[in-house]
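Take -9 as the starting number for the sequence shown in the numbering used here and just add one per residue.
Note that the Cβ used here is the ideal one computed from N, Cα and C, for glycine as well.
Since the structure is predicted, the reported quantities are computational estimates derived from the model, not experimental observations.
Structure, as structure tokens:
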Amino acid sequence: MKTEIVVLTEDNIDENIIEKAGKIIKEGGLVAFPTETVYGLGGDGLNPDSSRKIYAAKGRPSDNPLIVHISTWDAIYKITKDIPKEARLLADAFWPGPLTMIFKKSDAVPYETTGGLETVAVRMPSNKIARAFIKASGEYVAAPSANLSGRPSPTLAKYVCEDMDGRIEMIIDGGASDVGLESTIIDLTDNKPVILRPGYVTQKMLEEALKKNVEWDRAIIDADCKQAPKAPGMKYRHYAPKGTLSIVEGDTAKVIKMINEFTDKARKEGKKVGVIATDETKDLYKADVVKSVGKRSSESDMAHHLFRVLREFDDDNTDVMFSESFEGNGINQAVMNRLLKAAGHQIIKV
Ligand code: AMP
Ligand code: MG
-9 MKTEIVVLTE DNIDENIIEK AGKIIKEGGL VAFPTETVYG LGGDGLNPDS SRKIYAAKGR
51 PSDNPLIVHI STWDAIYKIT KDIPKEARLL ADAFWPGPLT MIFKKSDAVP YETTGGLETV
111 AVRMPSNKIA RAFIKASGEY VAAPSANLSG RPSPTLAKYV CEDMDGRIEM IIDGGASDVG
171 LESTIIDLTD NKPVILRPGY VTQKMLEEAL KKNVEWDRAI IDADCKQAPK APGMKYRHYA
231 PKGTLSIVEG DTAKVIKMIN EFTDKARKEG KKVGVIATDE TKDLYKADVV KSVGKRSSES
291 DMAHHLFRVL REFDDDNTDV MFSESFEGNG INQAVMNRLL KAAGHQIIKV
């Protein structure tokens, strides 16, 4: 299949291109599109064949459900049942934006879209290109991240092209994703709201909007937890660069010393070594390739750069990578969650 690649900017959206993209979705095809979190791989969320195609294009296990993207609040009624009052509070506070809510699904949503679940994930993105595209597509665009399964989520169209060229009808290049990490997922199907995936919208922000406690799915915060995560996608190895990645955690001076020792050893074995550092420390490493995820003091910087940095290590053919640890509250919890998965939970404490 020939993939058409088009370029749009948020302040100059070409309606003809949006119409064409919407038509592809309505006819059962697939279009990758920019959102503020990461690029999405979109198909008609109400068409089971479209969802099947998404799984095939990504090489994704079909028990890993898709998020349905809408552009207006009213679109929610057709695809959900029993909308709790918390949903409206969260929508008022965070939609359009990087928050996904889980509801009981209506019969309009095929099981192909929900990975066989009775629940459906819904998000209203803020990116203007995404919103116009969703509207032109008939309002229900099922979309996971537009990467091949297991690879880091794409935050630039060139990474979507790397993974999806020849597999889908169109890629809309809308520049770099603002947030750079996938949405926060909150489950509203139980009495207690539960975070299934950390993201840019933090636990504290959710609690402030709801004026009550919001819990974590235990399977996310406890790597040894035997219970399956409630967001099926969280159980898969994810975001993985091609080389091996280890996180080194502890006092900064000790971390730098240790990473430099590991680097010497790996280089003696003929390996190309990469380091994930911050602006404050990047000049202190001896590795072949040192990349900064931005200032340690800026959590949103680190979120914005992490996936790009992981992809760039692949472009540089690094064999072994070491990363500083970015533990903390707030957005850092999301950054660490992705980094831990990318590292297969390999963490060295110094
Ligand atoms: P992606 O957009 O690639 O990050 O994939 C969507 C994520 O949403 C996956 O990790 C899914 O596990 C999660 N998800 C989608 N629908 C549901 C649902 N009904 N219940 C729980 N998690 C969901
Ligand atoms: Mg994904």
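A distance of 7 Å or more separates the beta carbons of V299 and I338. E(-6) has M160 as its beta-bridge partners, per DSSP. Under the Cβ criterion (8 Å, minimum of three pairs), the segment 226 to 236 counts as touching the segment 298 to 313. DSSP, reduced to helix, strand and coil, places L186 within a strand of the structure shown. Assigned with DSSP and collapsed to three states, H59 falls in strand. Of the residues assessed, R78 falls on the exposed side of the cut-off, its CB having fewer than 16 other CB atoms within 10 angstroms. S135 and E172 have their alpha carbons spaced roughly 8 Å apart.
Annotation for S282: the continuous beta strand (DSSP E) segment containing it runs V279 to S282.
Annotated three-state conformation of I73 is coil, per DSSP. CA-CA distance, L196 to T174, rounds to 10 Å.
Taking all protein chains in view, the Cβ of K182 is surrounded by fewer than 16 other Cβ atoms within 10 Å, so the residue is classified as exposed. Judged by DSSP secondary structure, L31 falls within the beta strand (DSSP E) whose first and last residues are G30 to D34. Here DSSP, grouped into helix, strand and coil, assigns D177 to strand.
The alpha-carbon of K148 is positioned some 22 Å away from that of A122.
By the Cβ test, the segment 192 to 208 is not in contact with the segment 258 to 277, since fewer than three Cβ pairs between them sit closer than 8 Å. In this chain, G128 is not harboured by any alpha helix (DSSP H), its DSSP state being neither H nor E.
By the C-beta density criterion, K95 is buried, having at least 16 other C-beta atoms within 10 angstroms. Note that the segment -5 to 11 touches the segment 108 to 128; at least 3 beta-carbon pairs, one per stretch, sit closer than 8 Å. Taken in chain order, the unbroken stretches of beta strand (DSSP E) that lie wholly in the segment 272 to 325 and span 3 residues or more are 279 to 282 and 310 to 314. Remark: the shortest separation between the CB of P134 and any heavy atom of the ligand MG falls under 6 Å.
Straight-line spacing of the CA atoms in E102 and L31 works out to 15 Å. Pairing N137 with P24 gives a Cβ-Cβ distance that is not under 7 Å.
A contact is defined here as three or more CB-CB pairs under 8 Å, and the segment 183 to 192 fails this definition with respect to the segment 36 to 48. If the five residues before and after F252 are omitted, its C-beta is found closer than 7 Å to the C-beta atoms of F312, all from its own chain and listed in chain order.
With contact defined as three or more Cβ pairs closer than 8 Å, the segment 283 to 299 and the segment 163 to 171 are in contact. In this structure, the alpha-carbon of G156 lies about 24 Å from that of Y130.
L89 has T174 as its beta-bridge partners, per DSSP. Scanning its chain for C-beta atoms nearer than 7 Å, with the 5 sequence neighbours on each side dropped, one finds around I8 the residues A122, F123 and A126, in chain order. Looking at the backbone, the Cα of M114 and that of I15 are separated by about 18 Å. With 16 or more neighbouring CB atoms inside 10 Å of its own CB, T104 falls in the buried class. Non-local beta-carbon contacts of C151 in its own chain, meaning distances under 8 Å to residues more than five positions away in sequence, involve T(-7), I(-5) and I161 in chain order.
Counting along the chain, the unbroken beta strand (DSSP E) around V263 starts and ends at V263 to A267. In this structure, DSSP gives V99 a state outside helix and strand, which the three-state scheme calls coil.
Out of L80, D97, P100 and A98, the CA that lies nearest to the CA of M91 is found in L80.
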